[in-house]
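Structure first, commentary second.
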Amino acid sequence: MFFGRFLKDSGKGQTATLDLGCNALRSMGNDRISWFSDSYCGEATRELPTGGICSQAPRDGLLAAFVGRLDNRDDLQTSLGYPPSLLSESDNPQLIASAWRRWGDALPIHLSGEFALSVIDFFQHCLLLVRDPLGCKPLYYWQDDRMLVFATSVAVLRRLLPVSPTVDTGWVARYLLRISPSYDRTAYRDIAKLPPGHALSMDRHGELRIWRYFQFRDDPPPTRRRDPRWVDDYRACLEEAIRCRLPDTPPLGTENSGGLDSVTVTAYLARFVGDEPGDRLHSFALALAE
């Protein structure tokens, strides 16, 4: 989980907002909190016991935070001039910072995985927030005429705000009626959610821009007969989707529902880890006694 604040100007007395927010989070039992700020912007991160969150202290005028998983880390390292497999998951912020220097706002189109990230450029005084294409990792924000505050948790974001957000009764009603939730609204009128596959940027003048960097293609060529090439292409994509999600070291675990999907994933994993998976691969299934 990460959270932070971007000031639209250098007004005095603004650092207290984030400082008080950190104190509130400590009262919730979050001990490992670090945050960085100057007269313009700041960011804070909390390292979860389960891992997956990492941040980089301001270096070369950049501050990056990342939570989630990068599936194309090796390709990114090669594109950015790093030796293959040099950086680990804990180095994701360094990789994101290098990608920002190379591609700027075009950074999101070069990423693959499930993630939320933020980049604050102190020299250019700008902010970038990105959410993964499927929206597996949440990212929320609030703004007024002085600042933009963001977090990967609404509960945390509320504690960082200088005012109490207003409940959106319409959103709550739709939620209780089990109507499909909104991609960009939350239970609070003042707090917005960055939609899946979207990025947000803010410049030194406080200009906010949100754009969609990913969408599924829907232009398959027409065909009226079976073509083995489609099967081969599908198999290649499926294998890569499973392989790129493998952790660096075993053991591995899968949850089997008894259906085709989970069995297929387990079978591919068994092949990837070798002829005798042994203790390297475990499969679990649940059954309800009625």
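For the sequence shown, the working numbering gives the first residue as 87, with consecutive numbering after it.
Note that the Cβ used here is the ideal one computed from N, Cα and C, for glycine as well.
For residue j and residue i, the rounded distance between their alpha carbons
i: residue 89; j: residue 235; result: 8 Å
i: residue 183; j: residue 340; result: 33 Å
i: residue 169; j: residue 163; result: 7 Å
i: residue 364; j: residue 354; result: 15 Å
i: residue 348; j: residue 248; result: 46 Å
i: residue 149; j: residue 375; result: 51 Å
i: residue 308; j: residue 314; result: 15 Å
i: residue 362; j: residue 352; result: 13 Å
i: residue 369; j: residue 178; result: 29 Å
i: residue 180; j: residue 310; result: 48 Å
i: residue 360; j: residue 289; result: 51 Å
i: residue 215; j: residue 92; result: 11 Å
i: residue 326; j: residue 221; result: 20 Å
i: residue 267; j: residue 280; result: 13 Å
i: residue 94; j: residue 323; result: 43 Å
i: residue 245; j: residue 271; result: 19 Å
i: residue 87; j: residue 161; result: 25 Å
i: residue 330; j: residue 156; result: 9 Å
i: residue 152; j: residue 207; result: 15 Å
i: residue 171; j: residue 328; result: 18 Å
i: residue 306; j: residue 223; result: 29 Å
i: residue 320; j: residue 312; result: 13 Å
i: residue 257; j: residue 187; result: 39 Å
Buried or exposed (CB count within 10 angstroms, at least 16 for buried), residue i
i: residue 317; result: exposed
i: residue 284; result: buried
i: residue 345; result: exposed
i: residue 350; result: exposed
i: residue 195; result: exposed
i: residue 403; result: Only positions 87 to 376 of the chain appear in the structure, and residue 403 is not among them; the question remains open.
i: residue 373; result: exposed
i: residue 159; result: buried
i: residue 185; result: buried
i: residue 302; result: exposed
i: residue 118; result: Caution is warranted here: a pLDDT of 47 is assigned to residue 118, below 50, making its placement in the model unreliable, and the coordinate value is therefore given only provisionally. By the 10 Å Cβ count, residue 118 comes out exposed.
Candidates the options: closest to residue i by CA position
i: residue 282; options: 368, 219, 272, 174; result: 219
i: residue 226; options: 208, 207, 94, 203; result: 203
i: residue 397; options: 254, 337, 230; result: Absent from the model: residue 397. The displayed extent of the chain is 87 to 376, so no value can be given.
i: residue 299; options: 287, 155, 192; result: 192
i: residue 338; options: 156, 358, 207; result: 358
i: residue 274; options: 207, 186, 301, 243; result: 243
i: residue 296; options: 217, 232, 356; result: 217
i: residue 189; options: 174, 175, 205; result: 205
i: residue 176; options: 161, 305, 154, 241; result: 154
i: residue 238; options: 207, 157, 278; result: 278
i: residue 276; options: 240, 371, 305; result: 240
i: residue 292; options: 366, 233, 321, 304; result: 233
i: residue 342; options: 366, 371, 174, 166; result: 371
Sheet register partners of residue i (DSSP bridge)
i: residue 200; result: 155
i: residue 87; result: DSSP output for residue 87 lists no bridge partner at all.
i: residue 296; result: 286
i: residue 302; result: Its beta-bridge partners do not exist; DSSP assigns none.
i: residue 206; result: 149, 213
Check your understanding: Is the segment 262-277 close to the segment 197-216, with three or more CB pairs under 8 Å?
Key -> no
Practice item. Report yes or no: do the segment 188-200 and the segment 238-253 share at least 3 C-beta pairs separated by less than 8 Å? Key: no
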